[in-house]
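Heads up, the sequence shown is in the working numbering, so the first residue is 1 and it goes up one at a time. Virtual Cβ for every residue (Gly too), placed ideally from N, Cα, C. Bear in mind that the values here come from a model prediction, so they are computed numbers and not experimental data. Read through the structure below, which is laid out as structure tokens, and then see the notes.
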Amino acid sequence: MEAITTAELKAIEDQLNCEQLLIKKYKAYANSAQDPQIKTICEQTAGQHKNHYDTLLSHLSGSC
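Shown next, in the form of structure tokens:
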């Protein structure tokens, strides 16, 4: 497997930052939601972004 270029590493770093922000936002939305269905959807969406974050991070770890 070829090494990750600087540009690819920067793109992954940017995406990790975006995923972290989305996790924080959806957790905050879930905490402030009054409607149980909206709360559940926000929690699930935060979980999906956490999975995205973990997947990106595992790809980074595997490439080093």
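Taking the alpha carbon of residue i as the point to measure from, which residue in the options has its own alpha carbon closest?
i     : options                       : result
Glu19 : Gln44, His49, Ser58 and Leu60 : His49
Leu56 : Lys25, Leu9, Ala33 and Gln44  : Leu9
Please classify residue i: is it buried, with 16 or more other beta-carbons within 10 angstroms of its beta-carbon, or exposed?
i     : result
Ala46 : buried
Ile23 : buried
Within the same chain, show all residues whose beta-carbon is closer than 6 Å to that of residue i, passing over the 5 residues directly before and after it, in chain order.
i     : result
Gln37 : none
Glu43 : Ala30
His59 : none
Can you check whether the C-beta of residue i is within less than 8 Å of a C-beta belonging to chain B?
i     : result
Thr45 : Considering every chain present, this structure includes no chain B. It has just one protein chain.
Closer than 7 Å to a non-hydrogen atom of the ligand ATP - does that hold for the CB of residue i?
i    : result
Thr6 : This structure lacks the ligand ATP, and indeed carries no ligand of any kind.
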